[in-house]
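Here's the structure, in structure tokens; my notes come after.
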Amino acid sequence: MADGTAVRPPRISGFSYVRPLGAGGFAQVYQYEQDMPRRVVAVKVLGEDFASSSARSGFEAEADAMARLSSHPSIVSIFSASVSSDGRPYIAMEYCPESFRDRSRGSAAPLDQVLDAGVRLAGALETAHQSGVLHRDIKPSNVLLATTGRPVLADFGIVSLRGQMRGEGTSQAMSIPWAAPEVVSGETSGTVASEVWSLGATLYTFAAGKAPFASPDGSRQSQEALKSRIQRARYTPVPGVRGYEAFDAVIARALAKQPERRFASMREFGEALQQLQAHYGLVPTQLDVIESAWVTPPAATSGVRGPSISAVQGSGRAERRAELARQREATAPPARRPRPAALRPALIGAGSAAAVLALAAVVLALMGRL
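Numbering (UniProt numbering), first residue to last: 1 to 370.
See the structure below:
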């Protein structure tokens, strides 16, 4: 099935179709109502059929990895994943009524909101990176707002899922305005350093109302011209505002041309954003990073700075259940050792004799007073 041609919503057992929500390069998004438990969900339907059993197993493994990550408060929750009756893979997830970018209506967002979102997203991405997962397509349209108003990151693993179903070894996300120079040039399909760049470019877009390397005069531009500006990586401070020098310094580091000059991790980037919050007199947002056996880092892969999402495919449900069982056993309080049966009568007898002697002493004392 060609990209973008799936316009008819699939029939999915346990879900009732409501309306379309949107479409991307290779997926359609619909609103459904789940029958039990009853709730509104967003269902992303990938516009591809399974070509082989390995493609299906790849989809299941990636969906498992995405579901594990969705326990993070700043990652869209995954409820279920399967294949519709017409053979299209789908993922049912938390319904988010709007994106962060929609709330600002394409104009610059207040700096306090930008910094709060940045810290939350940095924590989500640090959690993903520690578990061996790269997002690969961080951009403003993938930062949604949950019904509670909190910003959450969507589409974890979707790019990799598409590559797995097509049998590709890697899959490259090319949302060019927010892609790092080394991704634009094809040197890599994604690293921790390139994700730091993409988050920095996304936060710049929220603060400035436009992408960091967009045409200065706001005119339409060719992709080649945009790629050229990204590869030169000449940072332009956020225009039309005062007091953003500290913000510009942090974002400029995230958007450094050389990957080694950027923040070494999302945790480091998030801590720098927290320091910015303090600098501007704001209460720093908590940097949530989930570090648990549920998100276990896989063995390091060679040749790539930062982990690849495909590295988590070997962790199946049975292995996770066994690991959790071992954890429960290790953290359980020590059982009380029972006394040997042969000692119980003697202990009971000694206690009884002591009680009799004590009672006799009291009686004698009372008689002496009479």
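Ideal Cβ placement from N, Cα and C applies to all residues, glycine included. Since the model is a prediction, treat every value here as computed from it, not as a measurement.
Exposure label - residue i; buried when at least 16 CB within 10 Å
i, result
"R321", "The pLDDT assigned to R321 is 45, lower than 50, so where the model puts this residue is not dependable; a value taken from the coordinates is nonetheless given after this. When all chains shown are included, R321 counts as exposed."
"residue 421", "Look at the range of the chain in this structure, 1 to 370, and you will see that residue 421 is not part of it."
"A27", "buried"
"D128", "Before going on, a small fix: residue 128 reads as Ala here, not Asp. Its Cβ being crowded by 16 or more others within 10 Å, A128 is buried."
"S265", "buried"
"H72", "buried"
"D137", "buried"
"residue 371", "Within the shown structure, residues of the chain are numbered from 1 to 370, placing residue 371 beyond reach of any answer."
"G281", "exposed"
"G243", "exposed"
"residue 371", "Any answer about residue 371 is impossible in this case: the structure gives the chain only from 1 up to 370."
"G22", "exposed"
"M36", "exposed"
"D86", "exposed"
"H279", "exposed"
"D155", "buried"
Contact under 7 Å by Cβ, residue i with residue j
i, j, result
"S84", "P181", "no"
"L121", "L153", "yes"
"V183", "S194", "yes"
"Y95", "V41", "yes"
"A272", "V250", "yes"
"P140", "R103", "no"
"S228", "Q221", "no"
"V143", "G270", "no"
"Q31", "V45", "no"
"R267", "E126", "yes"
For residue i, the nearest candidate out of the options (CA to CA)
i, options, result
"F59", "S80, V41, S70", "S80"
"T147", "S99, K210, L203, T188", "S99"
"R150", "D116, A128, S175, D137", "D116"
"H135", "P73, M66, L144, A92", "M66"
"K210", "E224, P239, A128, K257", "P239"
"V289", "E224, P212, V29, I75", "I75"
"I230", "M93, V133, S175", "S175"
"G200", "Y244, T188, A252, A225", "A252"
"R261", "S71, V192, T205, G123", "V192"
"R88", "Y235, R38, V29", "V29"
"L111", "I91, E291, E268, E245", "E245"
"A61", "I91, P37, D35", "I91"
"R39", "M93, P237, D86", "M93"
"P259", "M36, E187, V114", "E187"
"S107", "T205, G243, P20", "T205"
"A63", "R267, E291, V133", "V133"
"Q274", "V114, L125, P37", "V114"
"S77", "L145, S57, A256", "L145"
"P97", "P20, S82, S57", "P20"
Rounded distance between the beta-carbons of residue j and residue i, thought under 8 Å
i, j, result
"A254", "W197", "6 Å"
"S16", "E33", "5 Å"
"A109", "A233", "About 23 Å separates the two Cβ atoms, so there is no contact after all."
"G123", "L276", "About 15 Å; that fails the 8 Å criterion."
"F213", "L203", "The pair is not a contact, with the Cβ atoms about 14 Å apart (cut-off 8 Å)."
First through last residue of the beta strand (DSSP E) which encompasses residue i
i, result
"S16", "15-23"
"E33", "27-34"
"F79", "78-83"
"A252", "Not the beta strand (DSSP E): A252 falls in the alpha helix (DSSP H), residues 245-254."
"R39", "39-46"
"V143", "143-145"
"V152", "151-153"
"A128", "No beta strand (DSSP E) holds A128; the alpha helix (DSSP H) holding it covers 111-130."
"A92", "89-94"
Range of the contiguous alpha helix (DSSP H) that encloses residue i
i, result
"E187", "Premise fails: E187 is in no alpha helix (DSSP H) and is neither H nor E."
"L276", "266-279"
"K227", "223-232"
"A179", "Looking at the DSSP string, A179 is not in any alpha helix (DSSP H), and its letter there is neither H nor E."
"E291", "Looking at the DSSP string, E291 is not in any alpha helix (DSSP H), and its letter there is neither H nor E."
"D217", "Here D217 belongs to no alpha helix (DSSP H), and DSSP marks it neither H nor E."
"residue 375", "The first residue shown for the chain is 1 and the last is 370, placing residue 375 beyond what the model contains."
Proximity test, Cβ basis, 7 Å: residue i and chain C
i, result
"V143", "Of the protein chains in this structure there is only one, and it is not chain C."
Heavy atom of the ligand HEM within 6 Å of residue i beta-carbon
i, result
"E187", "The ligand HEM is absent from the structure shown, which contains no ligands of any kind."
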